[in-house]
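Following: one structure in structure tokens, then a few remarks.
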Amino acid sequence: MVLEDDWLSYGIGAEISATLMEGAFDYLDAPVRRVAAAEVPLPYASPLEDAALPTAKDLIRVVREQLDATSFTR
């Protein structure tokens, strides 16, 4: 799992996940998942900024989805 506060597209997280998928694909139990900011220009207003950036709730949701997806391998 890759978490970043940058956009999902063209960020360092995309490069990290691509490197993992290329170099360690046979060792992964599930696809690499990414959690990132919304694909919008980062707003200046604090409430809008909070809505655009990933939160702990977003991370927990994706972790749970990932665990559910890989539970069949246990």
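Numbered by UniProt numbering, the letters in the sequence shown go through residues 1 to 74 in order.
Heads up, the beta-carbon is just placed ideally off N, CA and C, and yes, glycines get one too.
Is the beta carbon of Asp5 sitting closer than 8 Å to the one on Ala30? no
For my contact list, Met1 and Gln66 are in at a C-beta cut-off of 8 Å; report their separation, rounded to the angstrom. 7 Å
Would you kindly report the start and end of the unbroken alpha helix (DSSP H) that includes Glu15? 12 to 24
Using a 10 Å radius around the Cβ and a threshold of 16 neighbouring Cβ atoms, would you call Gly13 buried or exposed? Buried is the label assigned to Gly13, since at least 16 other Cβ atoms lie within 10 Å of its Cβ.
Do Val35 and Ala52 count as a contact pair if the criterion is CB distance below 8 Å? no
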